Amino acid sequence: MEINNSQITVMSVRIDNSEGVVTAYLQGELDHHAAKGIREEIDESLERLRPSTLILDFKNVTFMDSSGIGLVMGRYRTMQLLNGKLVVKNASLHIKKVMRLAGLDRLAEFE
Amino acid sequence: MEINNSQITVMSVRIDNSEGVVTAYLQGELDHHAAKGIREEIDESLERLRPSTLILDFKNVTFMDSSGIGLVMGRYRTMQLLNGKLVVKNASLHIKKVMRLAGLDRLAEFE
Amino acid sequence: MRPVNIMKVNFLSRSANESFARVAVAAFIAQLDPTVDELADIKTSVSEAVTNCIVHAYKDGIGEIYITVKIYENDKVSVTVKDKGCGIENIERAMEPMYTSTQGGERAGLGFTVMQSFTDRLRVKSRLGFGTTVIMDKKLGKKSVARGT
Amino acid sequence: MRPVNIMKVNFLSRSANESFARVAVAAFIAQLDPTVDELADIKTSVSEAVTNCIVHAYKDGIGEIYITVKIYENDKVSVTVKDKGCGIENIERAMEPMYTSTQGGERAGLGFTVMQSFTDRLRVKSRLGFGTTVIMDKKLGKKSVARGT
Ligand SMILES: Nc1ncnc2c1ncn2[C@@H]1O[C@H](COP(=O)(O)OP(=O)(O)O)[C@@H](O)[C@H]1O
Ligand SMILES: Nc1ncnc2c1ncn2[C@@H]1O[C@H](COP(=O)(O)OP(=O)(O)O)[C@@H](O)[C@H]1O
Chain A
258 MEINNSQITV MSVRIDNSEG VVTAYLQGEL DHHAAKGIRE EIDESLERLR
308 PSTLILDFKN VTFMDSSGIG LVMGRYRTMQ LLNGKLVVKN ASLHIKKVMR
358 LAGLDRLAEF E
Chain B
258 MEINNSQITV MSVRIDNSEG VVTAYLQGEL DHHAAKGIRE EIDESLERLR
308 PSTLILDFKN VTFMDSSGIG LVMGRYRTMQ LLNGKLVVKN ASLHIKKVMR
358 LAGLDRLAEF E
Chain C
129 MRPVNIMKVN FLSRSANESF ARVAVAAFIA QLDPTVDELA DIKTSVSEAV
179 TNCIVHAYKD GIGEIYITVK IYENDKVSVT VKDKGCGIEN IERAMEPMYT
229 STQGGERAGL GFTVMQSFTD RLRVKSRLGF GTTVIMDKKL GKKSVARGT
Chain D
129 MRPVNIMKVN FLSRSANESF ARVAVAAFIA QLDPTVDELA DIKTSVSEAV
179 TNCIVHAYKD GIGEIYITVK IYENDKVSVT VKDKGCGIEN IERAMEPMYT
229 STQGGERAGL GFTVMQSFTD RLRVKSRLGF GTTVIMDKKL GKKSVARGT
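Residue numbers (this note's numbering), protein chains in the order written: chain A, 258 to 368; chain B, 258 to 368; chain C, 129 to 277; chain D, 129 to 277.
Below you can see the structure in the form of structure tokens.
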């Protein structure tokens with residue numbers, strides 16, 4: 258294994274909105290510490306924009322534990338209330354493995 | 258600061274020889290643990306090839322403490338015995354800072 | 129069997145320390161040259177156990193979390209995560225997938241499920257009012273030995 | 129002043145643990161958002177202190193090394209590296225630049241010089257036959273607070 262240096266990445270999210278589709282680009286390590294802030298940012302957008310689709314883009318998520326499952330599940334429920342759908346995009350193999358434990362692959366669309 | 262993941266890089270050295278010039282391309286984190294193996298590999302080449310110039314290339318050295326000073330000093334002495342010279346190449350600012358503490362900037366040529 | 133290398137770390141139950149805990153354990157077992165997958169499995173399991181100490185064991189305050197990592201000759205790693213928090217009343221129920229004692233729906237109740245799936249063996253000991261100890265064992269696949277002095 | 133966050137780690141004096149020690153300390157202070165330079169200074173100083181425990185304090189065997197990292201409100205970091213090894217007879221002489229008790233010329237005698245140059249304050253306590261404690265303080269320049277629960 259090739260590894261280099263000491264590290265913590267601060268989690269962040271960038272939110273994009275176009276024609277009823279909200280995309281949340283997540284970045285960093287998604288754990289319990291990080292989840293709260295991310296959740297609040299996403300929920301604030303969902304309330305304001307009431308999109309028909311929420312895309313959670315995991316491309317730049319380098320770590321996720323079951324706190325991330327809570328995040329996805331909660332957003333799935335909100336999207337159901339809005340009669341919309343949830344799409345999970347660009348999840349790494351490791352993150353898919355965690356999501357599969359929760360059966361998230363049966364709830365959200367994966368891209 | 259932007260940092261990502263947990264890590265240790267195993268130190269390694271690749272040795273190149275052409276027309277009396279031996280170049281040792283160091284890679285990884287140069288501490289006491291790593292220095293011994295690296296030292297032995299370089300010394301074996303110096304004994305065999307008796308070059309007029311030894312170039313220590315630090316381009317891929319991501320960390321160095323005073324064990325690295327010992328390494329450079331020792332090789333400087335060997336090259337003096339061989340009536341040759343020592344060149345230190347591509348040292349990062351941090352590594353130069355460590356070397357300067359030992360006055361290595363007055364012994365070796367820096368490139 | 130005696131471990132060939134041991135590391136113990138303890139720190140306060142602040143959520144900012146979750147990532148520290150993962151990195152510390154990963155950096156210690158890096159000497160076994162684990163695969164990226166093995167490292168991710170262990171980091172995730174450690175993250176679950178440590179988060180449980182913060183969210184459940186010490187839910188009403190700040191306490192200490194104790195981690196011990198042991199490396200054995202045959203590339204077996206054992207990680208113990210201990211707290212002196214509230215303890216678990218019913219361990220069996222706590223370990224059921226999707227069970228969580230937390231309100232509000234943001235905990236998935238899958239911490240123990242992750243630990244169980246991503247390691248070879250999970251043991252949980254707890255005493256109400258005294259704390260909880262979680263022991264996770266995992267054998268790494270690749271051959272290598274802890275080197276050094 | 130009370131620290132806002134504390135981490136303690138101990139491990140065996142095997143040279144394979146040198147890099148682990150650096151990474152663990154760096155990962156813990158990462159919550160202060162240090163600059164790359166500050167992180168390099170601290171990692172180098174920790175590496176010197178830990179190497180001294182391995183090379184000098186426990187030169188004839190394997191012992192335990194204890195590190196404590198404290199983070200204070202004003203972004204001050206204090207790192208203590210302790211061993212129960214042979215101790216230092218003459219601390220003043222030991223701290224002189226280029227002084228080393230090791231034969232063979234592969235130790236530069238600059239460990240303490242590095243610690244002194246790369247931190248704001250260095251204190252060394254030692255008792256012959258009982259061990260040595262090195263305390264290094266460094267104030268990080270950028271404003272930030274340890275966040276979290
Ligand atoms: N260290 C602990 N101290 C006290 N209770 C715990 C601890 N770890 C787990 N528990 C209990 O077990 C339950 C299940 O834990 P877990 O599977 O990790 O799910 P979650 O953390 O999402 O609730 C928790 O909701 C909590 O009631
Ligand atoms: N933890 C320790 N235990 C015992 N002796 C020590 C310890 N740290 C340093 N020393 C003594 O102080 C001397 C100088 O240390 P240092 O400046 O780090 O240089 P070096 O490690 O290159 O010898 C060492 O050679 C050793 O005799």
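Heads up, the beta-carbon is just placed ideally off N, CA and C, and yes, glycines get one too. Note that this is a predicted model, so its numbers are computed, not measured.
State yes or no: is the C-beta of B:I295 within less than 8 Å of the C-beta of B:V318? The residue given as residue 295 of chain B occupies position 38 in the second sequence. The residue given as residue 318 of chain B occupies position 61 in the second sequence. Going by C-beta atoms, B:I295 is not nearer than 8 Å to B:V318.
Answer yes or no: does any C-beta atom of chain B fall closer than 8 Å to that of D:L268? Counting from one through the fourth sequence, the residue named residue 268 of chain D turns up at place 140. Between D:L268 and chain B, the shortest Cβ-Cβ separation is not below 8 Å.
Do the stretch 220–233 of chain D and the stretch 306–317 of chain B meet, that is, are 3 or more Cβ pairs less than 8 Å apart? As far as the Cβ criterion goes, the stretch 220–233 of chain D does not touch the stretch 306–317 of chain B, which means the pair count is below three.
Residues that D:V252 bridges to, as DSSP identifies them: On the fourth sequence, position 124 is the one that residue 252 of chain D refers to. Beta-bridge partners assigned by DSSP to D:V252: D:V262.
Validate contact between the stretch 176–185 of chain D and the stretch 199–219 of chain D using beta carbons, cut 8 Å, 3 pairs: The count of Cβ pairs closer than 8 Å, one atom from the stretch 176–185 of chain D and one from the stretch 199–219 of chain D, reaches three, so the stretches are in contact.
Is there at least one non-hydrogen atom of ligand 2 closer than 7 Å to the beta-carbon of D:R235? Working through the fourth sequence from its first residue, we reach residue 235 of chain D at position 107. Relative to ligand 2, the nearest heavy atom lies less than 7 Å away from the CB of D:R235.
Do D:T260 and ligand 2 come close, with the Cβ less than 7 Å from some heavy atom? The residue you call residue 260 of chain D lines up with position 132 of the fourth sequence. The answer is yes for D:T260.
What's the gap between the Cα of C:T260 and the Cα of C:E192? As a first step, residue 260 of chain C is located in the third sequence; it is residue number 132 there, counting from the start. As a first step, residue 192 of chain C is located in the third sequence; it is residue number 64 there, counting from the start. Rounded to the nearest angstrom, the gap between the Cα atoms of C:T260 and C:E192 is 12 Å.
Between D:G239 and chain B, is the shortest Cβ-Cβ distance under 8 Å, so that the two count as touching? Within the fourth sequence, the letter at position 111 stands for residue 239 of chain D. It does: the Cβ of D:G239 has a partner Cβ on chain B nearer than 8 Å.
Can A:H290 be considered in contact with ligand 1, in the sense that its beta carbon sits closer than 7 Å to one or more heavy atoms? If you number the first sequence from 1, residue 290 of chain A lands on position 33. Taking 7 Å as the cut-off, the C-beta of A:H290 does not count as close to any heavy atom of ligand 1.
If you compare alpha carbons, which of C:V174, C:V164 and C:K136 is closest to C:Q244? For the purposes of this step, residue 244 of chain C is taken as residue 116 along the third sequence, with counting starting at 1. Per the Cα distances, C:V174.
Beta carbon of A:L287: closer than 7 Å to some heavy atom of ligand 1? Here residue 287 of chain A corresponds to residue number 30 of the first sequence, with the count starting at 1. Result no, Cβ not under 7 Å from ligand 1.
Would you please verify whether the beta carbon of B:S269 is less than 8 Å from any beta carbon of chain D? One-based indexing of the second sequence puts residue 269 of chain B at position 12. No, no contact with chain D.
What residues of chain D sit near B:A359, judged by a beta carbon separation below 7 Å? As a first step, residue 359 of chain B is located in the second sequence; it is residue number 102 there, counting from the start. Those within 7 Å of B:A359 in chain D are A236 and L238.
Count the CB pairs spanning the stretch 185–199 of chain C and the stretch 326–346 of chain A that are closer than 8 Å, and state whether there are at least three. The answer is no - the stretch 326–346 of chain A does not touch the stretch 185–199 of chain C, with fewer than three Cβ pairs under 8 Å.
For ligand 1, I want to know if D:C214 counts as a neighbour, meaning its beta carbon is within less than 7 Å of at least one of the ligand's heavy atoms. As a position in the fourth sequence, residue 214 of chain D is number 86, starting the count at 1. Result no, Cβ not under 7 Å from ligand 1.
With hydrogens ignored, establish whether the beta-carbon of B:E301 is closer than 7 Å to any heavy atom of ligand 1. Along the second sequence, read from residue 1 onward, the residue named residue 301 of chain B stands at position 44. Flag unset: Cβ of B:E301 not near ligand 1.
CA-CA distance, A:V344 and A:R271? Within the first sequence, residue 344 of chain A is the residue found at index 87, counting from 1. Within the first sequence, residue 271 of chain A is the residue found at index 14, counting from 1. About 16 Å.
Could you check whether C:V137 and C:I190 sit closer than 8 Å to each other, using their CB atoms as the reference points? Along the third sequence, read from residue 1 onward, the residue named residue 190 of chain C stands at position 62. Along the third sequence, read from residue 1 onward, the residue named residue 137 of chain C stands at position 9. No, Cβ-Cβ distance for C:I190 and C:V137 is not below 8 Å.
So, for A:L361: in the same chain, excluding its five sequence neighbours on each side, which residues have a beta-carbon less than 6 Å away from its beta-carbon? Sequence index remark: in the first sequence, residue 361 of chain A carries index 104 (1-based). Counting only residues of its own chain and dropping the five nearest sequence neighbours on each side, A:L361 has a CB closer than 6 Å to the CB of V329.
What did DSSP end up calling C:A216 once you bin it into helix, strand or coil? Position 88 of the third sequence, counting from 1, holds the residue named residue 216 of chain C. Per the sequence shown, the amino acid found at residue 216 of chain C is Ile instead of Ala. Residue state for C:I216 is assigned as coil, using DSSP reduced to three classes.
Residues that D:E220 contacts on chain B, provided the C-beta gap is smaller than 8 Å: The residue you call residue 220 of chain D lines up with position 92 of the fourth sequence. Those do not exist, as D:E220 stays about 19 Å from chain B at its closest Cβ, beyond 8 Å.
Any heavy atom of ligand 1 within a distance shorter than 7 Å of the CB on C:E176? Mapped onto the third sequence, residue 176 of chain C falls at position 48. Shortest gap from the CB of C:E176 to any heavy atom of ligand 1: under 7 Å.
Using a beta-carbon distance cut-off of less than 8 Å, what residues from the stretch 143–156 of chain C approach chain D? Within the stretch 143–156 of chain C, the residues whose Cβ lies closer than 8 Å to some Cβ of chain D are S143, A144, N145, S147, F148, V151, A152, A155 and F156, listed in chain order.
Below 7 Å on C-beta distance, what does C:E176 contact in chain A? Taking the third sequence and counting its residues from 1, one reaches residue 176 of chain C at position 48. Within 7 Å Cβ-Cβ: D322 and S323.
Helix or strand or just coil, what does DSSP make of C:M129? Taking the first residue of the third sequence as 1, we reach residue 129 of chain C at position 1. Coil, per DSSP.
I need the straight-line Cα distance from A:F320 to A:D288, nearest angstrom please. The count along the first sequence starts at 1 and reaches residue 320 of chain A at position 63. The count along the first sequence starts at 1 and reaches residue 288 of chain A at position 31. Going from the Cα of A:F320 to the Cα of A:D288 covers about 8 Å.
Since A:D288 is in the beta strand (DSSP E), which residue starts that stretch and which ends it? What you label residue 288 of chain A is simply residue 31 of the first sequence in a count that begins at 1. No beta strand (DSSP E) holds A:D288; DSSP gives it neither H nor E.
Which residues, in chain order, does the stretch 327–360 of chain B contribute to contact with chain D at a C-beta distance below 7 Å? Across the stretch 327–360 of chain B, CB contacts with chain D closer than 7 Å involve G327, M330, G331, H351, V355, L358 and A359, in sequence order along the chain.
Where does A:L350 land, buried or exposed, given buried means 16+ other C-beta within 10 angstroms? One-based indexing of the first sequence puts residue 350 of chain A at position 93. It is exposed - the Cβ of A:L350 has fewer than 16 other Cβ atoms within 10 Å.
Below 7 Å on C-beta distance, what does D:N138 contact in chain C? As a first step, residue 138 of chain D is located in the fourth sequence; it is residue number 10 there, counting from the start. Taking the beta carbon of D:N138 as reference, the chain C residues within 7 Å of it are K136, listed in sequence order.
Would you kindly report the start and end of the unbroken beta strand (DSSP E) that includes B:K342? Within the second sequence, the letter at position 85 stands for residue 342 of chain B. Boundaries of the beta strand (DSSP E) around B:K342: K342 to K346.
Could you check where the alpha helix (DSSP H) with C:E166 kicks off and where it finishes? Start at 1 with the first residue of the third sequence, and residue 166 of chain C comes out as number 38. Bounds of the alpha helix (DSSP H) holding C:E166 are V164 to N180.
Under 8 Å between the Cβ atoms of D:N133 and C:R142? Indexing the fourth sequence from 1 puts residue 133 of chain D at position 5. Indexing the third sequence from 1 puts residue 142 of chain C at position 14. Against a cut-off of 8 Å, the Cβ pair of C:R142 and D:N133 comes out as a contact.
Pull the bridge partners of D:D211 from the DSSP assignment, please. Numbered from 1 along the fourth sequence, position 83 holds the residue referred to as residue 211 of chain D. Looking at the DSSP assignment, D:D211 forms a beta bridge with D:I193 and D:T260.
Proximity below 8 Å, CB of D:T247 to CB of D:D169: Residue 247 of chain D sits at position 119 when you count from the first residue of the fourth sequence. Residue 169 of chain D sits at position 41 when you count from the first residue of the fourth sequence. Contact annotation: D:T247 and D:D169 have beta-carbon atoms nearer than 8 Å.
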